[in-house]
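In this note's numbering, the protein residues as written are 6 to 945. No residue lacks a Cβ here, since even glycine has one placed at the ideal position from N, Cα and C. Notes follow once the structure below has been shown.
Listed below in C-alpha cells is the structure:
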C-alpha cells in the first residue's frame, strides 16, 4: 500500500447561506450579473488561492495506525466545500459553475442507484471515498499551519478536499479542527447558532421559511445566555478530568473558528452570503462577522438534538385521539381500539435487538395521574405576537402553523440506517458494516467530513458543522461506529393547574409565576432575501415542568400543558461520550464502546464493528416515571406523578440503568431503520407494526446471512436495493391483490391496473430508472397508480368504520403516507427519506384479517368492508379504478422545481439551499446522507 500522509486541505472559502428551501430569489439577472462578476473576480481571486494560515511544504508524514487495510469507505454529498466567496456565488447563480469540491461527491453518491447491481469489492470506491487515514503520497493539495501555529497542520487531498488535521498538542489539534470547520462551513455554523437562539430572521432575512425555522427550534429550547453558558460549564464539572479536557477542547476549537474569521475577513475571502445579507460591504469591507463563543456551540447542539435525538412529545395529540375513540365506542372499547392503533409493543414488529426483553413505558394496567383535556378545550399556546409588515402576511402565519406542528409531534425525523453482519457470516471472517445517518439533503450539508489526529484523538468521519471538535460518526484506528435515531420517549407532558391568572401555576402547592422569555426580531430586505420589512415577538412561558405548549381545561380546571425533556438544559452532556469515541487509548473493545455511548443523553441506536466483534447499544437519558404513570398521555404536575428523584432546578432525575437499555454484542446481524429496538421497549412515534421500512433491510440481510459469505459489496447491494424499494408495493400490495383476485376482474381499466401492478411486483417493486440518466421510471404507470391509490384506499378502508372524527384524529398521530414525492410527510418533498411514517401496518393487518389469515396483534375491529371479503374487494376495486384514471399531472402536480406530471422529478432528491450555491437534483434514493462501508482486517 502506498505511503500516506495525514490528509490536507484546499485553502479557499466555502459557504452556506440561507433563505428559503429554494435558495435565493432570482436577484441575479443578465448584464447586472456580468458587471458584478467582472468587478468582483479580480480582488477576490488571490484570496481564493491562498489562506492567511501559513503554508507548509507538503512533506509526507507517518499516518496513524490504520487497521482497515484499505477497506474503509465513506461518502457525504454534495461535497466538502461549503463556503463560497461572493464571486463564486454569482458565477453559480448565473452560469451554474461550482466551486472546487462543492459537489464532487454528489455524482458518485447518485450513481449508486443505477450502478449497484454490478458492484464488487474492487469497485466500491467508484461510489464512495477511500476513508483510510492520511493522504496518498502525491495527492496532497495543500498543507496549512492555521494562524501560523507550529503545533498543527491541516492537509487537504486533491480528490475531495477533506481536511486531515494533525496536531502535536491537544490545544493545537482542536484549534485546527475549529479552523478547518470554519473553512468548510462558516456561514452554515453562523446560521444555526442564530437558529438555536431564535434570531435567524434578523441575521438572514424574514422569508417565511426562516421564520418557521427559528420558531420551530426556539419553541423547544428557549434558552437565555445564562442557560447556555451554565450547560457547558455544568457538563464539564460533573465529568471530572474528562470534563476539564472537554472544556479546554471547546475553547481551543472556538479559538480556531475565530482565527479563521479574522483571517478571511482580513483577506476578504469570507463567505459571500455575508455580503448578500448585508453584514459586509463588498467594496469597503465594512461590517463585522461576529466571533464565536462557547455558548454558540450549545445553541447549535440544541438544534441538532431536537432534530435527531429527542424522542417523545405528542401526548396531547394522543389524548385527543383517545377521547375521540372513547366518544365513538365508549371508554372500554374505545381504549381497546386506540391501543390497537397505537401498537406500543406489536408482536409482528421488526426488531434491532433480536433476543431478550427490555421493558420501557409499557401501558400500565391502572393508569394514575392522567390529565385528559375536556372536549373542545385544547388550544395551542401562541408563540408569535405583535406581527408587523411582512410578518403578518398569510405565508408567514402559515409557516408559523407548520413550525408549531413540527415542534410538538412525536413523528420526528427518524431517518438513518445500519446493516452490521458478524464475522461468523462473512467471507473474510471479519465483521462488515454499512451504516450512516439520514440527516436530509442540504447545500451545504449539515455534516462535514474530517480526520483528526492528535494527543488522545484518532478518528475520521462526519461531524455536525460547528460541533466538530470530535468525530461524531466514523472510524477509529481499528473500529467504526454509527447511529440511527431511536425515538424512545424522553419527553413528557404535564398539566400544570393555573392559579391567580393565566401566567401563574401551582408548583408543589405554591402559586408560582411563570417565567417569560422573549425574542424580538425584525428584518428588512437584502439582496439575498427580498422579503419586505417586518417584525414580531416570540414569547415562551417557562415553568419548572418545561415550556407551555397548550392551554386547556381538565375537569373544568384551567391548565397549561407543558413539555419536559430529559435533555432540556443538558444539550452539552453528550460531549463526554463523543470524546471517548475518539480516544484510541480508551476505546479498545466493544465493551468500552458501549460504555462510551452510555454517556450520550440523546436518543440514538449505536452500532460498532471492529475486526472481531460487533456491538449495539441504545442511548438516552430515560427518566424513571412514577408508578402508574402512562407517559403516552398528559399527567398532572404533582409530586406523586413527577419523574423519580427529579430536581427541577437542574432538570435531573433518576434514569433507567444501562442494563435496562437494549444492547448486545456479536448478534448474527443488526439492522436499524428507525424501527422498534427490542421487545417491550416502547418508542414515542406511532407506526412500529407488522410493516415498517426496517423490514426492507431485515428481509434482505437475513437472507444474506443464511446464505453465508457476506462481503462488503453484497451488503452495499442490499442497502442500495432497499433504498429503491417501495415498501407498500413489496409488503402490502400482494395481499391487496389477493383480495381483488378473490373474484374475476371484469372492468378493462381495472384489469390493466392490476396487471401493471403485478408486473412491477414481479420485477422487484423498485422505483428505478429504465436506464442510467433516463429520468423515467420502469413501470411508471404502476408506480403512478399506487401513489394515487394508497391515500384513496386507506380513507375508503378505514373512515367508514372509524368515523370521520376518529379517522382524522388518528391521521394526526400517524400520517397516512410518506411516499418519495409526498410533500405532506414529516420530511417534506425532495427529501429522500420515505416510508417511515404511514398506515402500512394497519392496512396489512386489516387485509390479512379479512382474508382469514393469522394476525398477531390484530386491530380491535375489521374495517375493510366491515370485515366482509366481497365488500372489501368492492372498496379496493373502486378505489383502484379511480386511482388508475388519474393522470400523472394530477398525481404529481408540480412545484417550484418540477413540471406537473414529471414523476421522476417529483421523487428526486434536491439539496435545499442554505446558502448561495445550488445543485441539481438527483434520482431518488432512500439511504443515509453520510454513509460508511467498513471491514477491518486486524486489531491492535
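Per DSSP, residue 206 is not a residue of any beta strand (DSSP E); the alpha helix (DSSP H) it occupies stretches across 205-209.
Counting C-beta pairs with one atom in each stretch, the region 528-542 and the region 663-671 have fewer than three that are closer than 8 angstroms, which means they do not touch. Proximity to residue 664 across 600, 905 and 715 peaks at 600, based on C-alpha coordinates.
Contact check for residue 716 against residue 459 fails: the beta carbons are separated by 8 angstroms or more. In this structure the region 468-483 does not lie against the region 89-106, because fewer than three pairs of beta carbons, one per stretch, are closer than 8 angstroms. A contact between stretches requires three or more CB pairs, one per stretch, nearer than 8 angstroms, and the region 75-87 meets this requirement with the region 99-117. Taking 3 residues as the shortest admissible run, the region 389-475 contains the following complete beta strand (DSSP E) segments, listed from N- to C-terminal end: 389-394, 422-426, 437-441, 452-459 and 462-469. The three-state secondary structure of residue 701, taken from DSSP, is helix. For the options 745, 300 and 368, the alpha carbon positioned closest to that of residue 575 is the one of 300. Beta-bridge annotation (DSSP): residue 520 is paired with 547. Beyond the five residues adjoining it in sequence on each side, residue 861 comes within less than 7 angstroms, by CB distance, of 352 and 353 in the same chain, given in chain order. For residue 781, no pairing in a beta bridge is given by DSSP. In the DSSP assignment, residue 509 falls within the unbroken beta strand (DSSP E) covering 506-512.
A straight-line Cα-Cα distance of about 12 angstroms links residue 407 and residue 219.
DSSP places residue 611 outside any alpha helix (DSSP H); the residue lies instead in the beta strand (DSSP E), whose first and last residues are 609-615.
Residue 753 counts as exposed, since fewer than 16 other beta carbons sit within 10 angstroms of its beta carbon. DSSP lists 541 as the bridge partner or partners of residue 526.
Judged by DSSP secondary structure, residue 486 falls within the beta strand (DSSP E) whose first and last residues are 484-490.
Residue 498 is bridged by DSSP to 568. One alpha carbon belongs to residue 75, the other to residue 803, and they sit about 53 angstroms apart. Annotation: the region 221-280 contains the following complete segments of the alpha helix (DSSP H) (minimum length 4 residues), in chain order: 230-242 and 245-272. Annotated as distal: residue 843 and residue 855, with beta-carbon spacing of 8 angstroms or more. With respect to the 8 angstroms criterion, residue 939 and residue 124 are not classified as neighbours on the basis of their beta carbons.
Around the beta-carbon of residue 112, fewer than 16 other beta-carbon atoms lie within 10 Å, marking it exposed. Residue 801 carries a helical assignment under DSSP once its states are collapsed to helix, strand and coil. Beta-bridge partners of residue 169 (DSSP): 160 and 456. If only complete runs of 3 or more residues are kept, the region 919-943 shows the beta strand (DSSP E) at 936-939, in order along the chain. Nearest neighbour of residue 930 by Cα position, chosen from 825, 903 and 646, turns out to be 825. DSSP places residue 358 outside both helix and strand once states are collapsed to three, so it counts as coil. Residue 350 sits in coil when the DSSP states are folded into three classes, being neither helix nor strand. Here residue 711 is actually not in contact with residue 499; their C-beta atoms are around 48 angstroms apart, not less than 8 angstroms. In the DSSP assignment, residue 641 forms a beta bridge with 500. The C-alpha of residue 744 is placed about 8 angstroms away from the C-alpha of residue 852. Setting aside the 5 residues that flank it on each side, residue 894 is surrounded in the same chain by 905 and 906, each with a C-beta closer than 8 angstroms to its C-beta; the list follows chain order. Closest option to residue 786, judged by alpha-carbon separation, among 765, 845 and 292: 765. Non-local beta-carbon contacts of residue 163 in its own chain, meaning distances under 7 angstroms to residues more than five positions away in sequence, involve 144 and 146 in chain order.
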